[in-house]
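The structure under discussion appears below in the form of structure tokens.
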Ligand SMILES: Nc1nc2c(ncn2[C@@H]2O[C@H](COP(=O)(O)OP(=O)(O)O)[C@@H](O)[C@H]2O)c(=O)[nH]1
Ligand SMILES: [Mg+2]
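Numbering (the working numbering), first residue to last: 12 to 190.
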């Protein structure tokens, strides 16, 4: 085996990691599956007592061009997972926080994850104010306020069930990342 050649091949491939974080049912799976090429759904453990929502989440990849790849990891946002965020945040180029805009009781959870992650490692981020198609959705401005963000520029109205909407939100993040 030619170890030197395989190391060179790895170096030639530039990979950028993105973390998708948000409360249970906020739309992480939907968002990720609409922005990636290959999607590996969450592996559940039917033989154990694990509740599906408590297992590690999905992984996805997109090969943008030969030699350029995006990797996507997703993690639930309750505080008990903060050890996971830090693992995923390592070498991460950007964060996507998904908020269910119809669930104000989850905004505090998102605010904690956002502050914790940015404090741990400050990289470009967006908040996808998801489910804007539903009549009781809070506006992205109100969500920016609830998350104590100085400006609503990073809070993108989103309907993740519509592929172009998820992709547009992700492109806003990509523009802020140095690739
Ligand atoms: N109406 C609406 N439903 C959505 C949207 N995004 C996700 N959902 C639904 O919300 C539920 C939870 O989404 P999912 O992606 O599984 O959330 P996760 O737990 O964060 O991975 C599913 O039934 C989705 O179809 C959206 O933009 N609008
Ligand atoms: Mg999911």
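Even for Gly, the Cβ is constructed at its ideal location relative to N, Cα and C.
Does the Cβ of residue i lie closer than 7 Å to at least one heavy atom of ligand 2?
i, result
"residue 40", "yes"
Measuring from the CB of residue i, is there a heavy atom of ligand 1 at a distance below 7 Å?
i, result
"residue 71", "no"
"residue 6", "Nothing can be reported for residue 6, as the shown portion of the chain is limited to 12 through 190."
"residue 137", "no"
"residue 186", "no"
"residue 170", "yes"
"residue 30", "no"
"residue 141", "yes"
"residue 147", "no"
"residue 154", "no"
"residue 109", "yes"
"residue 114", "no"
"residue 37", "yes"
"residue 161", "no"
With which residues is residue i paired in a DSSP beta bridge?
i, result
"residue 32", "86 and 108"
"residue 168", "140"
"residue 91", "The partner list for residue 91 (beta bridge, DSSP) is empty, contrary to what the question assumes."
"residue 80", "26 and 74"
"residue 49", "72"
Is residue j closer than 8 Å to residue i when the C-beta atoms are compared?
i, j, result
"residue 70", "residue 29", "no"
"residue 34", "residue 147", "no"
"residue 46", "residue 164", "no"
"residue 130", "residue 38", "no"
"residue 88", "residue 43", "no"
"residue 132", "residue 180", "no"
"residue 172", "residue 151", "no"
"residue 95", "residue 25", "no"
"residue 187", "residue 115", "no"
"residue 125", "residue 153", "no"
"residue 32", "residue 118", "no"
Verify the CB distance criterion: does residue i have a CB-CB separation below 8 Å to chain C?
i, result
"residue 183", "Among the protein chains of the structure shown there is no chain C, as only one such chain exists."
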